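Residue numbers (the working numbering): 482 to 587.
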């Protein structure tokens with residue numbers, strides 16, 4: 482059973498690898514967010530807060546393993562600013578916001 486849990490954990494960890502924002506093209510999501518909706522955000526923080534949330538599995542820290550045992554799994558929840566189903570970094574969210582800002586000429 483422990484081998485199975487380790488295999489599942491390894492697969493989930495590989496699926497949650499973060500790719501640098503500089504390597505990814507910024508998606509134009511203006512077909513999802515209208516100009517009126519975008520202009521309702523006061524700043525990028527409001528935009529990020531209103532974005533859909535995504536949860537990913539991450540490697541547990543040594544303290545987590547010591548406290549909960551070797552079968553512990555840890556998750557992080559963050560925003561999906563570009564609506565691609567993956568958690569985005571702050572720089573990606575800022576870039577998406579800026580792209581929409583430029584398109585809608587705030």
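Positions of the beta carbon are idealized from the N, C-alpha and C atoms, including for glycine. Keep in mind that this is a model prediction, so the values were computed, not measured.
query	result
Tell me the residue span of the beta strand (DSSP E) that contains residue 535.	534 to 539
When the Cα atoms are used, what is the spatial distance from residue 555 to residue 540?	6 Å
Going by beta-carbon coordinates alone, are residue 574 and residue 537 separated by less than 8 Å?	no
Mind checking which residues open and close the alpha helix (DSSP H) that includes residue 516?	516 to 520
Per DSSP, what are the beta-bridge partners of residue 557 in this structure?	537
Thinking residue 570 and residue 529 are a contact (beta carbons under 8 Å), I'd like their distance in whole angstroms, please.	Going by Cβ atoms, the distance from residue 570 to residue 529 rounds to 11 Å, so no, they are not a contact pair.
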